[in-house]
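Q: Quick one: this structure, given as structure tokens, is what I'll be asking you about.
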């Protein structure tokens, strides 16, 4: 059978790059006319970074390859704006056959440092954005008694601690998909959801690690397009299903049910049967969380352990690493720091000198570059405090609070703030460096450039 999309019109949201672009390009290559929608915002949903050229550039590439496409820059999060996406398709080609809801933003906040604003922003894009485009396209699909909709959920919905906002909304997409599939069945409208695993602008924010390397090397966004295209094809009769897709692989995700156990009106009867109900020894591959999903896609535990440890790392280190603090008069030393961050241990060298009551120096990190010590001071005679501005993997202000023991070992905390919200509260330890290592660190610190001012820094409060 020839899987073509002649005379079919597709809308792909968030298609200016990454996954959405690959979907749009694939459909266009196979004959579909495509509305390439992209607001052009950054992965965090910061309006200040809107770039309307994303959609236009994507359309240019599609046309150069012989495809037919038009650009759209509307936001999916507002009903009137989302409706205009569908209206543009209708005005241009007179029909809408396919909607791929791919637009999304990530969330920097981790529980419990999360607020109403963060939840509402995630809800607006992932739940309302998905609903708005389907709602706008629905009457046209009902009229033609045909439609294919693919929504973007995430395996994080199955459990991805300690983040809350993004996984919760992606779980909502699963419920939305399942229920709309039932509504659409009698009208020839199939609604399915995917849980993609791919290296995109969002995953580009992940720190360098063996997980990121595998994702970048083996899970390119182009490796998902054929699966999504099949779900959009008229020959596909699948409806109301969820699929994990990535790295040239896919599998069906279902909610599994255990054997039914009868109980009487006592807690004891429930307790006696709970072990049987919780027994996973069945032919099903029971997925407990997002890490089981990663395992099924071929990631080893060594590769994804940095994420599995996020919650335990955060909880076990809140309050910081303690040392038997001594009084500090002056400082002129180099330490190797270990930061117990939410994505695994991070290592840096600290070069610190006292100038009167002030502390100066740099935190040196191979991945993130030198971070100048700002507003450094010694408080209460025994606590060194300062802040640094981090620009990658995400723009963040780090505030250190460290004490020192008689052997000059350091212990304390570092808190990370992003857009005014605490997104990291981690323990820090430090051991004194000497000899060639210390001299090399001092040289690197002395040659470190001054932080630059720019639009990016102004938006995120960087110097």
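In the numbering used here, the protein residues as written are 563 to 1025.
Yeah, the Cβ is synthetic: ideal placement off N, Cα and C, and Gly gets one too.
Predicted, not measured: the structure shown is a model, and the values here were computed from it.
Can you tell me which of the three DSSP states residue 816 falls into?
A: In this structure, residue 816 counts as coil in the three-state DSSP scheme.
Q: What whole-angstrom Cβ distance do residue 749 and residue 704 have, given they're in contact under 8 angstroms?
A: Yes, they are in contact, since the Cβ atoms of residue 749 and residue 704 sit about 5 angstroms apart, within 8 angstroms.
Q: Does the beta carbon of residue 749 sit closer than 8 angstroms to a beta carbon anywhere in chain D?
A: The chain inventory of the structure shown lacks chain D, comprising one protein chain alone.
Q: Determine the burial state of residue 586: buried for a count of at least 16 other Cβ atoms within 10 Å of its Cβ, exposed for fewer.
A: With 16 or more other Cβ atoms within 10 Å, it is buried.
Q: For residue 967 and residue 1005, I'd like the C-alpha separation in whole angstroms.
A: Cα-Cα distance, rounded: 26 angstroms.
Q: Helix, strand or coil for residue 946? Go by DSSP, reduced to three states.
A: Residue 946: strand per DSSP, three-state reduction.
Q: Would you report the Cα separation of residue 755 and residue 890, rounded to the nearest angstrom?
A: In a straight line, the C-alpha of residue 755 is about 58 angstroms away from that of residue 890.
Q: Around the C-beta of residue 872, are 16 or more other C-beta atoms found within 10 angstroms, so that it is buried, or is it exposed?
A: Reliability of the predicted coordinates at residue 872 is poor, the pLDDT of 48 falling under 50, and the value obtained from them is presented with this limitation in mind. Residue 872 comes out buried.
Q: Can you tell me the Cα-Cα spacing of residue 993 and residue 861, whole angstroms?
A: Residue 993 and residue 861: Cα-Cα distance of roughly 34 angstroms.
Q: Output needed for residue 809: all residues of its chain with C-beta closer than 7 angstroms, excluding positions within five of it in sequence on either side, in chain order.
A: Within the same chain, residue 809 has close Cβ partners 759, 780, 781, 785, 859 and 860.
Q: So within the segment 699-784, which uninterrupted beta strand (DSSP E) runs reach at least 3 residues, ignoring any that extend past its ends?
A: The segment 699-784 contains these whole beta strand (DSSP E) runs: 709-714 and 751-758.
Q: How many Å lie between residue 702 and residue 827 at the Cα?
A: Cα-Cα distance, rounded: 52 angstroms.
Q: Under 8 angstroms by Cβ, that's how I've got residue 634 and residue 624 pegged, so tell me the actual separation to the nearest angstrom.
A: Not really, about 13 angstroms apart at Cβ, beyond 8 angstroms.
Q: Pick from 934, 897, 795 and 812: whose alpha carbon is nearest that of residue 969?
A: Nearest C-alpha to residue 969: 897.
Q: Extract the residue ranges of the alpha helix (DSSP H) inside the segment 650-684, only unbroken runs of 4 or more that lie entirely within it.
A: The segment 650-684 contains these whole alpha helix (DSSP H) runs: 678-684.
Q: For residue 569, count the other beta carbons within 10 Å of its own beta carbon; 16 or more makes it buried, fewer makes it exposed. Which is it?
A: With fewer than 16 Cβ atoms within 10 Å of its Cβ, residue 569 is classed as exposed.
Q: Given this structure, state the Cα-to-Cα distance separating residue 714 from residue 752, to the nearest angstrom.
A: Taking the straight line joining both Cα atoms gives about 14 angstroms.
Q: With DSSP as the reference, please indicate the residues paired to residue 897 in a beta bridge.
A: Answer is 912 and 994, bridged to residue 897.
Q: Confirm, please, whether the CB-CB distance from residue 790 to residue 738 is below 8 angstroms.
A: Cβ atoms of residue 738 and residue 790: not closer than 8 angstroms.
Q: Can you tell me which of the three DSSP states residue 830 falls into?
A: Three-state DSSP puts residue 830 in a helix.
Q: Just confirm the distance between the C-beta atoms of residue 885 and residue 914, as a whole number of angstroms; I'd bet it's less than 8 angstroms.
A: About 16 angstroms separates the two Cβ atoms, so there is no contact after all.
Q: Exposed or buried, which one is residue 695 when buried takes at least 16 other CB atoms within 10 Å?
A: With 16 or more Cβ atoms within 10 Å of its Cβ, residue 695 is classed as buried.
Q: According to DSSP, is residue 575 part of a helix, a strand, or is it coil?
A: Residue 575: coil per DSSP, three-state reduction.
Q: Find out if the Cβ-Cβ distance for the pair residue 658, residue 621 is shorter than 8 angstroms.
A: No, these two residues do not count as a Cβ contact at 8 angstroms.
Q: Whose C-alpha, out of 675, 893 and 1012, is nearest the C-alpha of residue 985?
A: The residue with the shortest Cα to Cα distance from residue 985 is 675.
Q: Classify residue 876 as helix, strand or coil using the three-state DSSP reduction.
A: No answer about residue 876 holds up, because its pLDDT of 43 lies below 50 and its placement is not dependable.
Q: Which two residues bound the contiguous alpha helix (DSSP H) that contains residue 619?
A: Here the alpha helix (DSSP H) through residue 619 covers 615-626.
Q: Note down, in chain order, each residue of its chain lying with its Cβ closer than 7 angstroms to the Cβ of residue 636, except the 5 sequence neighbours on either side.
A: So the qualifying residues of the chain are 599, 643, 644, 646 and 647.
Q: As a quick exercise: from 682, 975, 663 and 596, pick the residue whose alpha carbon is nearest that of residue 947.
A: Residue 975 is the option with its Cα nearest to residue 947.
Q: When you compare only the Cα positions, how much space is there between residue 661 and residue 649?
A: Roughly 13 angstroms between the two C-alpha positions.
Q: Under DSSP, the alpha helix (DSSP H) around residue 962 begins and ends at which residues?
A: Counting along the chain, residue 962 falls outside any alpha helix (DSSP H), though it belongs to the beta strand (DSSP E) covering 958-966.
Q: So, at 7 angstroms on beta carbons, what are the nonlocal neighbours of residue 825 in its own chain, with the 5 sequence-adjacent residues on each side left out?
A: Excluding residues within five positions, the ones whose Cβ falls inside 7 angstroms are 831, 832 and 835.
Q: Return the bridge partner residues of residue 917 from the DSSP annotation.
A: In the DSSP output, where bridge partners are listed per residue, residue 917 has 920.
Q: Might you give, ordered along the chain, the residues of its own chain that have their beta carbon closer than 7 angstroms to the beta carbon of residue 963, omitting 5 neighbours on each side?
A: These residues qualify, in order along the chain: 945, 947, 974 and 975.
Q: So residue 923 and residue 1007 are in contact, right, with Cβ under 8 angstroms, and what is the actual spacing, rounded?
A: Correct: roughly 6 angstroms between the Cβ atoms.
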